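FYI, in our numbering the residues of the sequence shown are 21 to 358. Just so it is clear, CB atoms sit at the ideal spot from N, CA and C, and this is done for glycine as well. Treat the numbers as computed from the prediction; the structure is a model and nothing was measured.
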Amino acid sequence: MTEILVTGGAGYIGSHTCISLLDAGYDVIILDNLSNSRFAVVSRIQEISGKTVTFYPYDAANELELEKVFARHDISCVIHFAGKKAVGESVHMPIDYYRINLNTTLSLCTVMQKHNVKNIVFSSSATVYGTSDIMPLQEDFPLGECTNPYGWTKWMNERILRDIWNSDPSWSIHLLRYFNPVGAHSSGRIGEDPLGIPNNLFPILLQTAVGRIPKLIIHGNDYPTPDGTGIRDYIHVMDLAEGHVASVKKCLSDSGVNIFNLGTGKGYSVLEILTTFEKTIGRRIPCEIGPRRPGDVAICYAGTQKAETELHWKASRDILSMCKDAWNWQSQNPFGYE
Ligand code: NAD
Ligand code: UDP
């Protein structure tokens, strides 16, 4: 069996990816220090898949702990999700963001190199494109100026991984630039469970619907878009998970640095999402129009041709299924995994 190490595998995207990897017949090893997730997730992954995963409650920046994992397993490929991800928090805690998001990658690659494991799939983000006005965003566009430390950590990780390949072209490195992952596994047993007050549209809608947040503030309705609200490329987290399986398959037989956007190629406005979500839950969500959020762009969506051609993967779930599955998770687990 092919063993895949998933750092951050108990987190939102990692847990869904573990399900898809197990479904595809891979053996999964999760390494997660549970700093932003819970052990219950690991049990639920096993419950959904009917398969066993090996779990290490280790820190991905700790080389001694990583050593133990690489010594015990014959790892073919690593998917590196572990890290901190809150844009707003990164502005107030830049040292933590640079330290954790860079040290995890540096330690991981050090130990990978030592054990001659040179296949890595890295969680990057559309944020590395900066504030481009040209849509769709294509993988070969120049990288932009990031608007926050979190974005710069993704930018720097991409740079580090590229330089590792420059020094040793036998590495196979996939940089996956995610657009806006939303939704949950259709069982409703795993989903997004943000700590603290969320900043992203979907968790805010969901928590408003269960009464944890009083209302949605729409950040600006004067953008140059058909209804004036911001447009984003929302992608169902299970499509994203399947995109990782396609990436792992190709990464195992590739060499070089390969970059793929993982999005749908379609954009939806805040009002379109709100209306679809209200239709899904059968009631209105309290909301009001507020000012624009600093740093927001009007429109952002992915060019998807490269992933379709080279990974043979295409997102298939629509915005209604994103809303339905997200609501199925939140209504069954109004307080997340608590
Ligand atoms: P998440 O916080 O739910 O998952 C990250 C997991 O990593 C958590 O389980 C956390 O406990 C773990 N972790 C953090 N630091 C660790 C460390 N030092 N050692 C071991 N484990 C550690 O986040 P997510 O939404 O699943 O995102 C996964 C990855 O995808 C992140 O790298 C994130 O930056 C990236 N990404 C996410 C989005 C998004 O919108 N969710 C968009 C683009 C990119
Ligand atoms: N948004 C909003 N109210 C909120 C959170 C987000 O109107 O409370 C808007 C935001 O301005 C953007 C879209 O929803 O146009 C998606 O925002 P999110 O933070 O989810 O993703 P990102 O902007 O990081 O792509």
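Legend entry - Pair within 8 Å by beta-carbon distance, Y170 and D253: No, the Cβ-Cβ distance between Y170 and D253 is not below 8 Å.
Inset, instruction - Locate the alpha helix (DSSP H) running through D47, then write down its first and last residues. - result: Secondary structure note for D47: it is in no alpha helix (DSSP H), and the uninterrupted beta strand (DSSP E) holding it is 47-51.
Inset, instruction - Would you check whether the ligand NAD has a heavy atom nearer than 7 Å to the C-beta of N56? - result: A distance criterion of 7 Å places the beta-carbon of N56 in contact range of the ligand NAD, judged by its closest non-hydrogen atom.
Legend entry - Residue closest to L225, alpha-carbon to alpha-carbon, out of T167, D274, C271, V290: It is V290.
Inset, instruction - Compute the Euclidean distance between the alpha carbons of H256 and P201, then round it to the nearest angstrom. - result: Their backbone Cα atoms lie some 6 Å apart in a straight line.
Inset, instruction - Report yes if the C-beta distance between V131 and F161 is below 8 Å; otherwise report no. - result: In this structure, F161 does not lie closer than 8 Å to V131 by Cβ.
Inset, instruction - Might you give, ordered along the chain, the residues of its own chain that have their beta carbon closer than 8 Å to the beta carbon of G240, omitting 5 neighbours on each side? - result: Within the same chain, G240 has close Cβ partners G248, T249, G250, I309, G310, P311, R312, R313, D316.
Legend entry - Best match in A60, L42, N136, V141 for proximity to R197 [C-alpha to C-alpha]: Closest by alpha carbon: V141.
Inset, instruction - Flag P201 as yes when its Cβ comes closer than 7 Å to any non-hydrogen atom of the ligand NAD, and as no otherwise. - result: Yes; taking the cut-off as 7 Å, the Cβ of P201 has a heavy atom of the ligand NAD nearer than that.
Inset, instruction - Indicate, with yes or no, if the ligand NAD has a heavy atom lying under 7 Å from the CB of G315. - result: Not one heavy atom of the ligand NAD lies closer than 7 Å to the C-beta of G315.
Inset, instruction - Throw me the rounded Cβ distance for the V268 and I99 pair, which I believe falls under 8 Å. - result: Yes, they are in contact, since the Cβ atoms of V268 and I99 sit about 7 Å apart, within 8 Å.
Legend entry - Classification of K235 by the beta-carbon crowding that lies within 10 angstroms, buried from 16 upward: Classification of K235: exposed, given that the 10 Å Cβ count is below 16.
Legend entry - Where I255 sits in the DSSP three-state scheme: The answer is strand: DSSP assigns I255 an E or B state.
Inset, instruction - Name the residue from I305, G103, I193 whose alpha carbon lies nearest to the alpha carbon of K174. - result: If we check each option's Cα against that of K174, G103 comes out closest.
Inset, instruction - Within 10 angstroms of the Cβ of N177, are there 16 or more other Cβ atoms? Answer buried if so, exposed if not. - result: Buried.
Inset, instruction - Answer yes or no: the CB of G34 versus the heavy atoms of the ligand NAD, is any distance below 7 Å? - result: Checking every heavy atom of the ligand NAD against the Cβ of G34, one is found closer than 7 Å.
Inset, instruction - Tell me whether the beta-carbon of F101 lies closer than 8 Å to the beta-carbon of V26. - result: In this structure, V26 lies closer than 8 Å to F101 by Cβ.
Inset, instruction - Please find out if some non-hydrogen atom of the ligand UDP comes closer than 7 Å to the beta-carbon of V111. - result: Because no heavy atom of the ligand UDP lies under 7 Å away, the Cβ of V111 does not count as near it: no.
Legend entry - Range of the contiguous alpha helix (DSSP H) that encloses I180: Taken as a continuous stretch (DSSP letters only), the alpha helix (DSSP H) holding I180 covers 169-187.
Inset, instruction - Determine the DSSP secondary structure at N219, reduced to helix, strand or coil. - result: Secondary structure of N219 (DSSP, three-state): coil.
Inset, instruction - With DSSP collapsed to three states, give me the class of L225. - result: If DSSP states are grouped into helix, strand and coil, L225 belongs with the helices.
Inset, instruction - Would you mind stating whether R119 and Y357 have Cβ atoms separated by less than 8 Å? - result: The Cβ atoms of R119 and Y357 lie no closer than 8 Å to each other.
Inset, instruction - Tell me whether S351 sits in a helix, a strand or coil according to DSSP, three-state version. - result: In the displayed model, S351 falls within a helix according to three-state DSSP.
Inset, instruction - Please name the residue, chosen from K134, P156, I279, that lies closest to E83 on a Cα-to-Cα basis. - result: That would be K134, whose Cα lies nearest to the Cα of E83.
Legend entry - Ordered list of beta strand (DSSP E) runs contained in the segment 24-102, each at least 3 residues: 47-51, 74-76, 95-100, all fully within the segment 24-102.
Inset, instruction - Write down every uninterrupted run of the beta strand (DSSP E) in the segment 296-331 whose length is 3 residues or greater and which is fully enclosed by it, in chain order. - result: Positions of the beta strand (DSSP E) runs, each at least 3 residues long and wholly inside the segment 296-331, are given as 307-310 in order along the chain.
Inset, instruction - Examine the ligand PLP and report whether any of its heavy atoms sits within less than 7 Å of the Cβ of R232. - result: Among the ligands in the structure shown, the ligand PLP does not appear; only the ligand NAD and the ligand UDP can be found there.
Inset, instruction - Examine the ligand UDP and report whether any of its heavy atoms sits within less than 7 Å of the Cβ of I255. - result: I255 has its Cβ no nearer than 7 Å to any heavy atom of the ligand UDP.
Legend entry - Counterpart residues of H112 in DSSP-defined beta bridges: According to DSSP, H112 bridges with nothing at all.
Inset, instruction - Just the C-alpha distance for S35 and N186, rounded to the nearest angstrom, thanks. - result: C-alpha separation (whole angstroms): 31 Å.
Legend entry - Beta bridge counterpart(s) of V131 as assigned by DSSP: V131 pairs with nothing; no bridge assigned.
Legend entry - Cβ-Cβ distance between V62 and V73 below 8 Å: Taking 8 Å as the Cβ cut-off, V62 and V73 qualify as a contacting pair.
Inset, instruction - Look up V268 in the DSSP assignment and say whether it is helix, strand or coil. - result: Correct three-state label for V268: helix.
Legend entry - For L294, the three-state DSSP class (helix, strand or coil): Three-state result, L294: helix.
Legend entry - Neighbourhood of G163 by C-beta, 8 Å cutoff - its chain only, sequence neighbours within 5 removed: In the sequence as displayed, the identity of residue 163 is Leu instead of Gly. Apart from sequence neighbours up to five positions away, the residues of its chain that approach L163 with a beta-carbon distance below 8 Å are V148, Y149, G150, W175, E178, ordered along the chain.
Legend entry - Where the beta strand (DSSP E) containing N278 begins and where it ends: Its beta strand (DSSP E) spans residues 276-282.
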